[in-house]
Amino acid sequence: MPFEENIKKFTENIPEKMKHIKSEDGTINALINPFLDLLGYDITDPKEVEYQYDVNIELGVPKLNKKGKIDIIILNNTNKPEIIIECKKIKKKLTKKDETQLRSYYNIIDNCRLAILTNGIIYKFFTNTDKLMDRTPFLEIDLRNLSKVDISELEMFTKEKYNSKNLENIVMNNKIRNQLNKEFEHPSDDFVKIIAKKVDNGVMNKNKIIKYRRIIKNNLKIISNEKSEPNYEFEMKFRGFNEEEENKFIKLYNKLPEKFKDNEFIENTTIIKINKGEKIPKNSLYIYSSTTNPVEEIMIKYLRKYAKGYETDFIKIKSVKSNDSMRIYKICRRFVAYLNNRKLTKEEKKLLDKIFSEQ
């Protein structure tokens with residue numbers, strides 16, 4: 011079976027396993043070991059995979075030296091550590107402190123090129139610069155949300171394909187991609203000057219850089235949108251809205267079937283969290299509380315026109331008892347279920363079809 015099919019099948023079982031895992035050992039046994047097996051490593055062969063590998067951490071002063079144990083190491087053909095893995099309990103957030111722990115192990119293992127920090131779901135991949143482990147992962151993957159690029163890169167870490175050349179290519183590709191993404195999000199002065207000088211022979215002063223940065227940024231987004239489907243442009247400002255919520259919002263919007271969309275772009279939209287008592291600005295999508303599902307806000311945007319006498323207070327449907335508002339809210343929740351691959355009942359489907367056929 012191709013690697014892509016195997017990894018997709020593996021990730022489908024993650025939500026169910028998560029319900030029953032209570033410890034770090036449970037995480038290793040239920041998620042990390044099967045993942046290594048999927049990559050082609052024989053977790054039962056001590057010549058290939060070793061657990062609780064003893065190391066001596068020297069801190070410069072003999073009295074401060076200490077012993078440590080690396081959770082998992084993968085050995086090369088000469089029985090030397092090639093990959094080290096630091097494991098944490100599922101649902102534990104991977105912190106800088108965890109990265110420091112991994113770094114202390116990595117920096118004393120000769121010839122080791124790859125270090126991995128994981129909680130069984132999130133995998134952070136590190137390599138080295140000048141023999142010391144980098145402080146930033148060159149790759150971070152969430153098994154619950156794999157792109158085709160993620161799958162392609164994971165395949166390079168299989169036993170069959172992993173080697174120093176492939177690792178070097180992955181590291182370089184990701185570093186360049188990350189830098190390009192930064193330039194897309196906020197073009198640097200140097201980047202702006204390179205492009206602007208192609209169309210402007212004048213002196214590149216501060217005001218010109220600001221002007222061209224805005225133009226370049228807008229055109230980069232247009233180019234990006236032209237190469238992606240569906241062709242919706244997102245120029246959003248976020249306040250109190252974390253990256254995970256932002257990504258979820260955009261992905262769920264893109265998953266909406268065409269019949270549930272109008273033709274407008276979401277442009278210059280402010281997505282904010284509104285606390286009780288705060289004035290709600292117009293022409294915005296609102297996150298009323300920290301527990302509100304972003305996709306519900308999407309649906310409110312497209313459903314609110316059907317609520318009689320709609321005004322800005324409609325967003326407060328969680329705290330009002332208007333029949334119309336609550337009816338629309340329930341429809342939003344049903345549609346969330348639809349987006350999450352729960353089949354609609356005949357009654358729900360009939361209701362949704364009736365509402366959206368009016369568009």
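Numbering-wise (the working numbering), the sequence shown opens with residue 11 and increments by one. Here a beta-carbon is modelled for each residue, glycine too, at the ideal position from N, C-alpha and C. Bear in mind the structure is a predicted one, so any value in this text is a computation, not a measurement.
- Taking one C-beta from the stretch 80 to 87 and one from the stretch 53 to 64 each time, how about it: are there three or more such pairs within less than 8 Å? yes
- Query: Looking only at its own chain, which residues have a Cβ that is under 7 Å from the Cβ of Met166, when we skip the five neighbours before and after it?
  - Reply: For the purposes of this step, residue 166 is taken as the residue at position 156 of the sequence shown. Tyr172, Asn176, Ile180.
- Cβ-based burial, Thr110 [other Cβ within 10 Å; buried from 16]: By 1-based counting over the sequence shown, the position of residue 110 is 100. The residue in question, Thr110, is exposed, as its Cβ has fewer than 16 Cβ neighbours within 10 Å.
- Item | Three-way DSSP call (helix, strand, coil) for Met28 in this model | Here residue 28 is taken as the residue at index 18 of the sequence shown, counted from 1. Reduced to three states, the DSSP call for Met28 is helix.
- Return the CA-CA distance between Asp120 and Ile161, expressed in angstroms with no decimal places. On the sequence shown, residue 120 is found 110 positions in, with the first residue counted as 1. On the sequence shown, residue 161 is found 151 positions in, with the first residue counted as 1. Going from the Cα of Asp120 to the Cα of Ile161 covers about 29 Å.
- Message: Quick test of the definition: if touching needs 3 or more C-beta pairs under 8 Å, does the stretch 180 to 194 touch the stretch 35 to 54?
- Response: no
- Would DSSP call Tyr63 helix, strand or coil? Residue numbering aside, residue 63 sits at position 53 when the sequence shown is read from its first letter. Tyr63: strand per DSSP, three-state reduction.
- Message: Quick check: what's the CA-CA separation for Lys231 versus Phe194?
- Response: As a first step, residue 231 must be located in the sequence shown, where it is residue number 221. As a first step, residue 194 must be located in the sequence shown, where it is residue number 184. Their Cα atoms are separated by approximately 7 Å.
- Task: Determine the closest residue to Lys99 out of Asn16, Ser198, Ala40, with distance taken between C-alpha atoms.
- Result: By 1-based counting over the sequence shown, the position of residue 99 is 89. Lys99 has its Cα closest to that of Ala40, out of Asn16, Ser198, Ala40.
- Buried or exposed for Thr54, please, with buried defined as at least 16 other CB atoms from any protein chain shown within 10 angstroms of its CB. As a working mapping, residue 54 is identified with position 44 in the sequence shown. When all chains shown are included, Thr54 counts as exposed.
- Which stretch, first to last residue, makes up the beta strand (DSSP E) that contains Lys79? Translated into positions along the sequence shown, residue 79 becomes position 69. Here the beta strand (DSSP E) through Lys79 covers 76 to 85.
- Query: Does the Cβ-Cβ distance between Ile151 and Ile132 come in under 9 Å?
  - Reply: Sequence index remark: in the sequence shown, residue 151 carries index 141 (1-based). Sequence index remark: in the sequence shown, residue 132 carries index 122 (1-based). Contact flag set, yes.
- Message: Please report the straight-line C-alpha distance between Glu96 and Asp47, rounded to a whole angstrom.
- Response: Residue 96 sits at position 86 when you count from the first residue of the sequence shown. Residue 47 sits at position 37 when you count from the first residue of the sequence shown. Between Glu96 and Asp47, the C-alpha separation is close to 17 Å.
- Message: So within the stretch 76 to 152, which uninterrupted alpha helix (DSSP H) runs reach at least 4 residues, ignoring any that extend past its ends?
- Response: 106 to 116
- Item | Alpha-carbon to alpha-carbon, Pro147 and Gly130 | Locating residue 130 in the sequence shown gives position 120, where the first residue counts as 1. Locating residue 147 in the sequence shown gives position 137, where the first residue counts as 1. If I take the Cα positions, the gap works out to 16 Å.
- Task: Write down every uninterrupted run of the beta strand (DSSP E) in the stretch 168 to 205 whose length is 3 residues or greater and which is fully enclosed by it, in chain order.
- Result: none
- Message: Could you compute how far the alpha carbon of Asp210 sits from the alpha carbon of Ile220?
- Response: In the sequence shown, residue 210 corresponds to position 200, counting from 1. In the sequence shown, residue 220 corresponds to position 210, counting from 1. Roughly 14 Å between the two C-alpha positions.
- Find the nearest neighbour of Asp199 within the set Lys192, Arg223, Met182, Gly212, judged by alpha-carbon distance. One-based indexing of the sequence shown puts residue 199 at position 189. The shortest Cα separation from Asp199 among Lys192, Arg223, Met182, Gly212 belongs to Arg223.
- Neighbourhood of Gly50 by C-beta, 6 Å cutoff - its chain only, sequence neighbours within 5 removed: Here residue 50 is taken as the residue at index 40 of the sequence shown, counted from 1. Once the five neighbours on either side are set aside, the close Cβ partners of Gly50 are Thr168, Lys169, Glu170.
- Got a sec? Which residues, its chain only, sit under 6 Å from Lys27 by beta carbon, not counting five neighbours each side? Walking along the sequence shown from the start, residue 27 turns up at place 17. Only Ala40 meet the Cβ criterion.
- Straight-line gap, Asn89 to Phe136 (C-alpha atoms, nearest Å): By one-based count along the sequence shown, residue 89 stands at place 79. By one-based count along the sequence shown, residue 136 stands at place 126. If I take the Cα positions, the gap works out to 21 Å.
- Message: Please tell me whether Leu149 and Leu127 are closer than 9 Å, where the distance is taken between their beta carbons.
- Response: If you number the sequence shown from 1, residue 149 lands on position 139. If you number the sequence shown from 1, residue 127 lands on position 117. It is not a contact, given that the beta carbons lie outside the stated cut-off.
- Item | DSSP-derived helix/strand/coil call for Pro44 | Stepping through the sequence shown from its first residue, residue 44 is reached at position 34. Pro44: helix per DSSP, three-state reduction.
- Item | Of the listed residues Lys158, Lys107, Pro25, nearest to Arg145 (C-alpha basis) | Working through the sequence shown from its first residue, we reach residue 145 at position 135. Here the closest residue by C-alpha is Lys107.
- Looking at the structure shown, is Asp5 part of a helix, part of a strand, or coil, going by DSSP? Residue 5 lies beyond the stretch modelled for the chain, which goes from 11 to 369, so this question has no answer here.
- Consult DSSP for Ser162 and reduce its assignment to one of helix, strand or coil. In the sequence shown, the residue the question calls residue 162 occupies position 152. Helix at Ser162.
- Query: Run through DSSP, which three-state label would Thr54 get?
  - Reply: Numbered from its first residue, the sequence shown carries residue 54 at position 44. Here Thr54 sits in coil by DSSP.
- Message: Taking the straight line between their C-alpha atoms, what separation do you get for Asn23 and Leu164?
- Response: Numbered from its first residue, the sequence shown carries residue 23 at position 13. Numbered from its first residue, the sequence shown carries residue 164 at position 154. Straight-line Cα distance between these residues: approximately 18 Å.
- Task: Could you pull out every residue in the same chain whose Cβ sits closer than 7 Å to the Cβ of Asp64, ignoring the five residues on either side in sequence?
- Result: Reading the sequence shown from its first residue, position 54 is the one you call residue 64. Hits under 7 Å: Lys77, Lys79.
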